[in-house]
Structure formats: C-alpha cells, structure tokens
Amino acid sequence: MSKTVRVAVTGAAGQVAYSMLARLASGEVFGPDVKVRLQLLEITPALGALEGVAMELDDCGFATLDGVDVSDDPLKAFDGVNWALLVGAAPRKQGMERKDLLGLNGKIFVGQGQALARRAASDVRVLIVGNPCNTNCLVAYKNGKDIPHDRWSAMTRLDHNRAVSALAKKAGVPNGAVSNVTIWGNHSNTQFPDFTNAKIGGKPATESITDRAWLEATFVPAVQTRGAAVIKARGLSSALSAANGAIDHVKTWLAGTAAGDWTSSAVISKGEYGVPAGLVFGYPCTTTNGSPWQVVEGLKHDAFGKERLKITLTELLEEQDAVKELLPS
Ligand code: NAD
Ligand code: LMR
C-alpha cells in the first residue's frame, strides 16, 4: 500500500458519522490498496465521546486504516485533507423545516470554509451534509474561496436514493432497473424529484408508471418529506441512510457515473437551467474517474416540472438572503 488519503469528518461523534466512519476506514470507499487517515472534528464538549468512537475504529483492526486523529480545531482537522465531509451541525426535530436550522448552523460553515481554504490539500473535495446543506455549502465556499468551485458539493444523494426506491417499488422492479433520476434544487421539501426524465428498464419511467396523479401527488411529496417521516417514526433524523448517501456520493465521485446515467448532487451553479450562477443547486451530474461533477444539460421540463423548479429556486434565493451577513463581499 503506497497511497494514503486523508479524510476529515466533522460532527464525528454524531449519529450520521457513526454510521459512516467504519465504511470509510474499511477499504469499501477508497479501495483495498489505499490507506485512510481519518481526521475527526467535534466541538470541545463532545471530544470524550469522540475518543470512544476512535477507540471503536481502532478495535475494528482495519488493514486500510492508517490512524485516527481527533480534534476540536478545524485547522488541525483539515490539515492536508483530500476529502472533507462536513456533517457537524444540529439536526432538526419534529415539526421543524431544515431552513429553521440556518440561524444555528450557518455560522459553523464560515470558520470551516476558511479553515479548509487555509489547510486542506490542493486536491480537496468537499461534501456538505449538515443542514440546510445547500445554503451551508454556499456559506462554506464563499468563505473558502481559494478552493476551486468544482470541488464543492452538498448532499442530495439521499433524496436521489429515496426516489429510486419509491419508483422501483411502485413499478415492481429492482432498484437497479431505475436510472436517470434527478433531485433538482434544494435538499428540502421544495426539491423536485424528477420522474419526467427518469427511466425504468431504460425506457421513460412514465411508460411503466402510467398513473401521473400518483407521480405528482404521492411520489413527489413523499420524497420531499421523507426526512420528516423518518424523524416522526424514529424520533431522530435519518442516520444510516444519510451515511449511506454520503458514502454513495464519494464512491460515485471516485468511480464515475454509469454510461447514459447520472446521479444527483448539489453543486455551485454556473447558470445552468436559468439558476443564477453561484447558487448551490441540486442538478443531474456526471463524473468520470474523479473529475469534477458535470451538470447534464439539455433536459426538458414540462409545465409541472418548470413550476417545481421555480418554487425550489425561490426558496434557495430566500435562504441566500437569510445568510447574507455570513457571505464575504
Ligand atoms: P447529531 O446531533 O447526532 O450529530 C451532530 C454532531 O455535530 C454532534 O456530535 C455535534 O457535537 C457536532 N457539531 C456541532 N457543531 C459542530 C461544529 N461546529 N464542528 C464540528 N462538529 C459539530 O446529528 P446527525 O443526526 O449526525 O446530523 C448531522 C447533520 O446532518 C444535521 O444537520 C442533519 O440535519 C444533517 N443531515 C443531512 C442529511 C442530508 O441528506 N443532507 C441527511 C441526514 C442528516
Ligand atoms: C433527511 O433528509 O433525512 C435529513 O436531511 C434529515 C432531516 O432533517 O430530514
């Protein structure tokens, strides 16, 4: 084993990280020939719990784990990192929307964006998971401006996986038969899980699922509000599926999207689909061998889709306005 990849995970004593760390360390993500050094960040009061997580990682005895560093200092945790998975932020509770967390969580991403720009490796790739993740990513990249725009992303992969699963169930096919799903816009209840461009068995999903009323009035709201449904059922927000979404995001970024297919990621818009450049917007994205995400252009939207895109864009612009004090001019 010659190569070592340095991976920062923030909020590392929290529940999403707990479902993620062993998978990062095990070789599943970076492969059996790459060593992983985990650089874990927490707030000071959680350092004791984080030491316990580090002990458990040691106790897994992974051949691929180079070591675990714990810190409450972003400058240390981000030192030389090739990957930064920013999970650390408060989760919402029942009855809240994710944007209600902006006041509490947005400011975390000022210092972390700056610290990443100062300390991360020149090839760093960043995924924001902490909510509201699109706008937290906006705050982070604006404050970490030495890092090229194409390295930043926010997580819509969990919504994407939810949409795949819901379409597969309805059509009575395996999840693997569903492709070309997109989560447009915000990781919030305004997102547009796009069934109009999705495929089942390589053909338009609307040929397998002909009940348009179900697609519009059941599927779309179910995906939009799935996070809240999990909170209601579990009493806690999603963790296992959230960690899985983050792992899938990194694995796809490394391995590339399948030919003819794409995945969902929120990225810094260059103005695609009429979105103002600079906003962190969920798009259909492809990538090859670790290259930056490429937004798939030229997809068409019908009247229903156009309306949904407008709604989610409006919300993201409102969120941007709500954090304007956190954005350097
Ligand atoms: P959690 O409360 O279990 O863990 C969060 C951890 O972050 C805590 O241990 C806390 O001490 C730590 N933290 C808080 N501020 C920090 C800071 N400044 N630096 C480093 N660590 C800090 O919450 P969770 O269930 O693990 O969720 C974490 C975040 O991920 C939440 O904001 C949640 O809403 C979000 N989330 C997003 C998605 C998505 O699809 N984008 C999915 C699930 C969860
Ligand atoms: C999710 O989608 O499950 C997460 O964003 C957590 C939440 O607040 O819903």
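In this text, residue positions in the sequence shown follow UniProt numbering: the first is 1, and each later residue adds one. Cβ atoms here follow ideal geometry from the backbone N, Cα and C, with glycine treated the same way. Nothing here was measured: the structure is a model prediction, and the numbers come from that model.
Against chain D, with Cβ distances strictly below 7 angstroms, would R125 count as a contact? Considering every chain present, this structure includes no chain D. It has just one protein chain.
Endpoints, the alpha helix (DSSP H) within which A77 is located: Residues 74-77.
For L50 and L40, believed in contact at Cβ under 8 angstroms, the rounded distance: Contact holds; Cβ gap of about 6 angstroms.
Which one of K3, T10, L326, V295 has the shortest CA to CA distance from A89? T10
For a test of your reading of the model: does the CB of S238 fall under 6 angstroms from any non-hydrogen atom of the ligand LMR? Yes or no. Flag set: Cβ of S238 near the ligand LMR.
What is the DSSP secondary structure of G282, reduced to helix, strand or coil? strand
Is A89 close to the ligand NAD? I mean its beta-carbon at under 6 angstroms from any heavy atom of the ligand. In this structure, A89 has its beta carbon less than 6 angstroms from a heavy atom of the ligand NAD.
Between the Cα of P328 and those of V139, Q15, T286, A255, spot the shortest distance and give me the residue it belongs to. Of V139, Q15, T286, A255, the residue nearest in Cα terms is V139.
Spatially closest choice to V220 from W83, K232, A198, Q294, by CA coordinates: A198
When burial is assigned at 16 or more other CB atoms within 10 Å of the CB, is R226 buried or exposed? buried
Residue range of the unbroken alpha helix (DSSP H) whose run includes F304: 303-322
Going by DSSP in three states, D66 sits in which element: helix, strand or coil? D66 falls in the strand class under three-state DSSP.
Comparing C-alpha positions only, which one of L158, E56, A63, V53 sits nearest to L127? L158
Closest residue to Q224 among T182, M20, G271, K170 (Cα-Cα distance): Considering only alpha carbons, the answer is T182.
What are the residues that DSSP puts in a beta bridge with A266? A154, G282.
Nearest to D58 by CA position, among F78, W83, L47, S26, is which residue? S26
Count the other CB atoms, across all protein chains shown, that sit within 10 Å of the CB of R125; report buried if there are 16 or more and exposed otherwise. buried
Got a sec: does the ligand LMR put a non-hydrogen atom nearer than 6 angstroms to the Cβ of R98? yes
Would the stretch 143-158 and the stretch 200-218 be scored as touching if the rule is three or more Cβ pairs under 8 angstroms? no
Per DSSP, which residues does K93 bridge with? Please list them. Note: K93 sits in no beta bridge, so no partner.
Name the residue from S269, D302, G305 whose alpha carbon lies nearest to the alpha carbon of V295. S269
Among K203, N189, E207, K300, which one has its Cα closest to the Cα of L313? N189
In terms of residue numbering, what span does the alpha helix (DSSP H) encompassing T252 cover? 240-255
Could you check whether the Cβ of Q39 sits closer than 6 angstroms to any heavy atom belonging to the ligand NAD? no
Would you grab the beta carbon distance between L299 and P284 for me? Rounded to a whole angstrom, and I think it's under 8 angstroms. About 7 angstroms separates the two Cβ atoms, so the contact holds.
Which residue comes first and which comes last in the beta strand (DSSP E) that contains Q39? 34-41
Bridge-paired residues (DSSP) for residue 347: Residue 347 lies beyond the stretch modelled for the chain, which goes from 1 to 329, so this question has no answer here.
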